[in-house]
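Take -8 as the starting number for the sequence shown in our numbering and just add one per residue. So the structure is just underneath, and the comments pick up after that.
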Amino acid sequence: MKFPTTFSLKQIAEIISSEYVGHDDFPVLGMNEIHVVEQGDIVFVDHPKYYDKALESKATIILINKHVDCPEGKALLISEDPFRDFNKLTAFFQPFVPSEQAIAVTAKIGKDTIIQPNSFVGNNVIIGDNCLIHSNVTIYDNCVIGNNVTIHAGSVLGADAFYYKKRPEGFDKLISGGRVVIKDYVDIGALCTIDRGVSGDTTIGRGTKLDNQVHVGHDTVIGEKCLIASQTGIAGCVIIEDEVTLWGQVGTNSGITIGAKAVVMGQTGVTKSVKGGKSYFGTPIEESREKLKQLAYLKQIPEIIKKIDKK
């Protein structure tokens, strides 16, 4: 998430009432999660396991819950609760704005685009030319949809990330301030759900096709010309490269990469990153030929046991 204008370190510290290390006028351009941070961004860290990763990341402002040595060229925001204060910043820069009508006044709708009855288009949404949005589709604030996109009935674009911190009193939600970005010539089936990024974008590449009832988690990036079949569940922060095929009921772990032109057979659990250009099957995932051989061997076990018992 980029801020509308450059803020100073002192201004940011005042918003969240925190100490800081660095010049008062140190420039702050935005805020992001660690996997998408850029120079000028704030990243938060609240566990010693990840201190070094955050301090050595591309982020130049680290929101942290411990006094540490500040890396050269960077600044620190010292907070008792970085998770809470990251939420404060998201709420400050991306506050929820209620919409008073089905298609927000600030939405931009392209030429020859059709929006069927009972659909909702939120604030600052951009929809390109020649799109077809069927009935009962919900498009949350700030989503960006390209040209020649079809979205079938009941799909939801831009719901919050499934991201919580466990506290003694219950689960504390990380507020989502990111977007969903749909490129040109994408088809989205009925009853699909595509969550927005926490601070970045959930992106579906040009020419990709989603079947009905597909879920795409926050900050996931799907490449071009992918085919994703029904009831597939893709976790957050996944990278799916170009021309990947995921057959029905595939599920993935978060933070993995599926290489270009990989084919993942139905009901596979993608538990780790896999290389492109190969076919995969099973849980845990393996190359399909090897997995099918193993299943064939398993079927032979009862017959083997019978032969042993006869001896």
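All residues carry an ideal CB built from backbone N, CA and C; glycine is no exception. As the structure is a computational prediction, the values presented were derived from the model and not from experiment.
Check, Outcome
"Helix, strand or coil for residue -7, going by three-state DSSP, please let me know.", "strand"
"Taking residue 265 as the reference, give the member of 243, 208, 134 with the closest Cα.", "243"
"Taking 8 Å as the cut-off, decide whether the C-beta atoms of residue 136 and residue 185 are in contact.", "no"
"Taking 8 Å as the cut-off, does the region 117 to 130 touch the region 157 to 165 (at least 3 CB pairs, one atom from each stretch)?", "no"
"Taking its Cβ as the centre, do 16 or more other Cβ atoms sit within 10 Å of residue 155, making it buried, or is it exposed?", "exposed"
"From residue 278 to residue 81, what does the alpha carbon distance come to, in whole angstroms?", "42 Å"
"Determine the closest residue to residue 48 out of 37, 33, 59, with distance taken between C-alpha atoms.", "33"
"Measuring alpha carbon to alpha carbon, tell me which of 191, 188, 199, 249 ends up nearest residue 175.", "199"
"Are residue 216 and residue 232 closer than 8 Å when you measure CB to CB?", "no"
"Anyone know if the C-beta pair for residue 194 and residue 205 falls short of 8 Å?", "no"
"Nearest-angstrom Cα distance between residue 296 and residue 281?", "23 Å"
"Compare the beta carbon distance of residue 94 and residue 106 with 8 Å and say whether it is the shorter of the two.", "yes"
"Kindly indicate which three-state DSSP category residue 292 falls into: helix, strand or coil?", "helix"
"So, for residue -8: in the same chain, excluding its five sequence neighbours on each side, which residues have a beta-carbon less than 6 Å away from its beta-carbon?", "21, 22, 168, 190"
"For the candidate residues 123, 151, 134, 160, whose alpha-carbon lies nearest to that of residue 144?", "123"
"Answer with buried or exposed for residue 73, where buried requires no fewer than 16 other C-beta atoms within 10 angstroms of its C-beta.", "buried"
"Suppose you measure from the CA of residue 24 to the CA of residue 221; what does that come to, to the nearest Å?", "30 Å"
"Would you mind working out which of 112, 275, 188 sits nearest residue 88, comparing C-alpha positions?", "112"
"State yes or no: is the C-beta of residue 170 within less than 8 Å of the C-beta of residue 196?", "no"
"I think residue 26 touches residue 228, with their Cβ atoms under 8 Å apart; what is that distance to the nearest whole Å?", "6 Å"
"Counting only runs that start and end within the region 95 to 142, where is the alpha helix (DSSP H) found for 4 or more residues in a row?", "none"
"Determine, using beta carbons only, whether residue 3 and residue 79 come nearer to each other than 8 Å.", "no"
"Please work out which residues of its chain come closer than 6 Å, Cβ to Cβ, to residue 14, disregarding the five sequence neighbours upstream and downstream, and give them in chain order.", "none"
"Using C-beta distances below 7 Å, list every residue in its chain close to residue 90, excluding the 5 sequence neighbours before and after it, in chain order.", "113, 114"
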